[in-house]
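Residue numbers (my numbering): 4 to 389.
Structural data, given as structure tokens:
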């Protein structure tokens, strides 16, 4: 059983639920949100199916975190854990991040009669299901379409994600609040000045292009490598891909086949990606689908020139329809190569920053994000909790 402390105040307790704090954009944002809520004076419970991940060390010590007692964290064990939690802790609202945690939370809520559950959508699930081409993802999509109707409200991290979620659920969709992911802008810019420990960035002899994210099909690194090979035919450059994942061996083989392996490196995850972005000459997002794209926002905050695919659903919103970075069609090798070349040449000529840049960046501040989530919680419980 999960027992509340004697001085607990459930009206000011907000719970966040996610599978784990392993590497990922949703996980990173969950930690940022949890820490910021604590700083605003709220009691915060962080629930995880598996209590592990590199972001655990970033949690504010005042955050209470819980997980099923058994390490396996099966759906049934997690459901029992959620039922006990909802009965004992009774938070003002529970913000469930990503699809599986949201589905489990909604089911547990039905069983115990707890209704203040807010699914938080971080990707365009319809496009993602088509990309994955697997029964599991398709089944998950239909479960979302049915069970998300039980939610009082939904949060989506971009306007495009909100639209695709509403279309998936249909006419019975609950209200959807769009809340952009937020970051500590000043801290990120300070960290961007730190050393990276990567020789290509510290002792630069030619332009360096950088990308960042899991090495999976969704991120389009196969297309990025082919586009980089085309770029290399007209100018010298190097490519760094920060991240790890199941496609590493395949991508390394592709780089060798394209004869660009000597100028491509994939050094796994970096403890300070902002510094890597800040010391590079160009950030590239080659994704086939995103929810919003945290790394694209981080690159924009740091101030590195950006090239992105116009994939569903985030980049167009982050880059304001191409005003703050070049956009190319998904899976278009030639267009991506030409956009990278043009961006590197423009950076060399020190192109001035658009005057609206500063006000646009503020949309992605942690303060704006937290205000949005608090507003959603207030709508869910029908009154202010401060």
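Glycine included, C-beta positions come from ideal geometry on N, C-alpha and C.
Whose C-beta lies closer than 6 Å to the C-beta of residue 150 among residues of the same chain, with five residues either side of it excluded? 106 and 109
In chain order, each alpha helix (DSSP H) run of at least 4 residues that lies wholly inside the region 50–137: 78–92, 102–115 and 128–135
Residue closest to residue 220, alpha-carbon to alpha-carbon, out of 337, 206 and 247: 247
Whether or not the region 290–303 and the region 221–231 are in contact is what I'm after, with contact meaning three or more pairs of Cβ atoms, one per stretch, closer than 8 Å; do they touch? yes
Residue 238 burial status per 10 Å Cβ neighbour count (16 or more: buried): exposed
Does the separation of the CB atoms of residue 336 and residue 226 fall below 7 Å? yes
Nearest-angstrom Cα distance between residue 369 and residue 257? 38 Å
So residue 237 is in the alpha helix (DSSP H); what residue range does that whole segment cover? Segment: none, residue 237 is in no alpha helix (DSSP H) and carries neither H nor E.
How many Å lie between residue 113 and residue 90 at the Cα? 12 Å
How is residue 245 classed by DSSP in three states: helix, strand or coil? strand
To the nearest angstrom, how far is it from the Cα of residue 317 to the Cα of residue 285? 19 Å
May I ask you to report which of helix, strand or coil DSSP gives residue 323? coil
How is residue 184 classed by DSSP in three states: helix, strand or coil? coil
If distances are taken between C-alpha atoms only, which option among 139, 101, 115 and 140 comes closest to residue 121? 101
Roughly how far, in whole angstroms, is the beta-carbon of residue 251 from the beta-carbon of residue 218, given that I think they are within contact range, below 8 Å? 5 Å
Would you tell me roughly how many angstroms separate the C-alpha atoms of residue 199 and residue 278, rounded to the nearest one? 6 Å
Presumed contact (8 Å Cβ cut-off) between residue 72 and residue 52, rounded CB distance: Contact flag wrong, Cβ pair sits at about 12 Å.
Taking only three categories from DSSP, how would you classify residue 32? helix
Alpha carbon of residue 63 to alpha carbon of residue 262, nearest angstrom: 46 Å
With a threshold of 8 Å, are at least 3 pairs of Cβ atoms found where one atom belongs to the region 334–351 and the other to the region 141–158? no
Would you list the one or two residues that DSSP bridges to residue 268? 243
Inspect the CB distances between the region 199–209 and the region 297–311 and report whether three or more fall short of 8 Å. no
Going straight from the alpha carbon of residue 329 to that of residue 346, what length do you get? 8 Å
Near residue 228, what residues of its chain come up, given a Cβ to Cβ distance below 8 Å and the 5 sequence neighbours on each side ignored? 242, 254, 257, 258, 261, 263 and 267
Identify the residues that DSSP records as bridge partners of residue 48: which are they? 18 and 67
Quick check on DSSP: helix, strand or coil for residue 391? Not covered by the structure: residue 391. The range shown for the chain is 4 to 389.
By DSSP's criteria, residue 330 is part of a beta bridge. Which residues make up the other side? 311
Closest Cβ-Cβ distance between residue 250 and chain B: below 7 Å? Among the protein chains of the structure shown there is no chain B, as only one such chain exists.
Identify whether residue 161 lies in helix, strand or coil by the three-state DSSP scheme. coil
Would residue 67 pass as a contact of residue 48 if the rule is Cβ separation under 7 Å? yes
Once DSSP output is grouped into helix, strand and coil, what is the label at residue 215? strand
Alpha carbon to alpha carbon, how far is residue 123 from residue 144? Give it in angstroms, no decimals. 14 Å
Would residue 302 pass as a contact of residue 327 if the rule is Cβ separation under 7 Å? no
Report the rounded CA-to-CA distance for residue 207 versus residue 298, giving the unit in angstroms. 22 Å
Can you check which of these residues, 192, 194, 140 and 163, is closest to residue 180 by C-alpha distance? 163
Span of the alpha helix (DSSP H) holding residue 316? Counting along the chain, residue 316 falls outside any alpha helix (DSSP H), and DSSP gives it neither H nor E.
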